[in-house]
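K.L.:
Please read through the structure below; I'll follow up with questions.
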Amino acid sequence: MKLLMLGSGTSTGVPRVGNDWGACDPDEPRNRRTRVSIMVENDAGSRLLVDTSTDLRAQLLANDIDRLDAVFWTHDHADHCHGIDDLRVLRYGRGGPLAGFAVDETARRLRQRFGYVFAGQHGYPTIVELETLDRLRMFAGFGIEWCQMPHGPAQSTGYLFDADGKSIGYATDFSEIVSDAVELFAGVDLLVCDCLRRRPHPTHAHLEMALELGERCGAKQLVLTHLDKSMDYATLSAEVPDNVVVGYDGLEVRL
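With the sequence shown counted from 1, adding 445 to any position gets you the numbering used here.
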C-alpha cells in the first residue's frame with residue numbers, strides 16, 4: 446500500500462501570493478506547498494484520490510498520474526474541491542464516469558456547485574458518478590471507513606483506507622479531537638493529520654493537537670499536512686518525535 450501526498454499546504458499555499466514565505470526558507474523545496482490532497486494505492490494498482498484541490502492539474506502532472514479509480518471528498522471548501530474540473534481529462538477513454546463519494550451534505554453542496562460534473566451538460570458526458578458514503582464498506586480492493594469531525598462551525602470527513610494488511614488514515618481540517626476519530630484511527634499504520642500552525646486555530650488542528658491525536662489513536666507513523674507559512678520544514682522536523690514526518694508535496698510512503 447502506498448501514500449502519495451499531492452499537496453501539503455494551507456488554503457493559500459506556500460508561498461502566498463506576493464511571494465510571501467513567512468518563516469519558511471524559500472531555498473528549501475519542501476517548503477513550496479500546494480493545496481492539500483492525497484492519493485492512496487494498493488498492491489493491485491487501484492488508486493483513490495482524496496479531494497480535488499485547487500492545484501489538482503499541477504499535482505497530477507508533477508506525479509505523472511493519468512488514471513484514478515475513485516475520488517473521495519472530505520468537505521466542500523474551495524481548497525478541497527475547486528480543482529474538480531481537472532478530472533475531465535481522467536474521464537477520457539473510460540467506459541463510464543469516475544466513481545465519487547462523500548457524505549450526504551458534502552455531496553449535496555458539490556452537486557449544487559458543479560452540476561455539470563455529476564450530470565453532464567450540452568453533450569458533454571458525466572465526469573463523476575457521485576454516491577454517498579452510507580453503505581460503502583469496500584471499493585477497488587480497499588476497506589473504507591469514515592467519521593465526521595468538527596471543522597469550526599462546519600464538518601470534515603476523516604477516512605481510513607485498509608488494503609494488503611495495512612491502513613492509512615486521513616484527518617484534515619478538524620478543530621477538535623472527537624471519540625469517533627480516535628476510534629476510527631485506533632492502531633492505524635500511518636495517519637496523515639491536519640497541522641496548520643503551532644498556535645491554536647478556531648477551525649484547524651495545531652501542532653499539539655495533531656500530536657495528541659496520533660498518541661491517542663496509537664498511530665505507528667504520523668504525517669503532518671495542511672501546513673501554513675509559519676511551519677518551516679527543517680525547523681519543524683527538528684521539533685517532532687521520531688515517528689512523526691513533516692509532510693511535503695510529492696512525499697511517498699510505502700507500507
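In this text, a Cβ means the ideal position worked out from N, Cα and C, and glycines have one as well.
Model, not experiment: these values are computed from the prediction.
#1: Between the C-alpha atoms of residue 697 and residue 447, what's the straight-line distance to the nearest angstrom?
#2: Could you tell me the distance, in whole angstroms, from the CA atom of residue 508 to the CA atom of residue 614?
#3: Please state if the CB of residue 587 and the CB of residue 573 are separated by a distance shorter than 8 Å.
#4: Roughly how many angstroms separate the alpha carbons of residue 638 and residue 678, rounded to a whole number?
#5: Count the other CB atoms, across all protein chains shown, that sit within 10 Å of the CB of residue 481; report buried if there are 16 or more and exposed otherwise.
#6: By how many angstroms is the C-alpha of residue 452 removed from the C-alpha of residue 525?
#7: Could you tell me the alpha carbon to alpha carbon distance between residue 629 and residue 604, rounded to whole angstroms?
#8: Tell me which same chain residues have a C-beta within less than 8 Å of the C-beta of residue 570, skipping the five on either side of it?
#9: Whole angstroms is fine: what's the gap from residue 450's alpha carbon to residue 634's?
#10: Quick check on residue 536: does DSSP put it in helix, strand or coil?
#11: Keeping to the same chain, check which residues put their C-beta closer than 6 Å to that of residue 591; ignore five residues upstream and five downstream.
P.N.:
If we stick to the structure as given:
#1: 7 Å
#2: 21 Å
#3: no
#4: 15 Å
#5: buried
#6: 10 Å
#7: 8 Å
#8: 536 and 542
#9: 16 Å
#10: helix
#11: 578, 602 and 604
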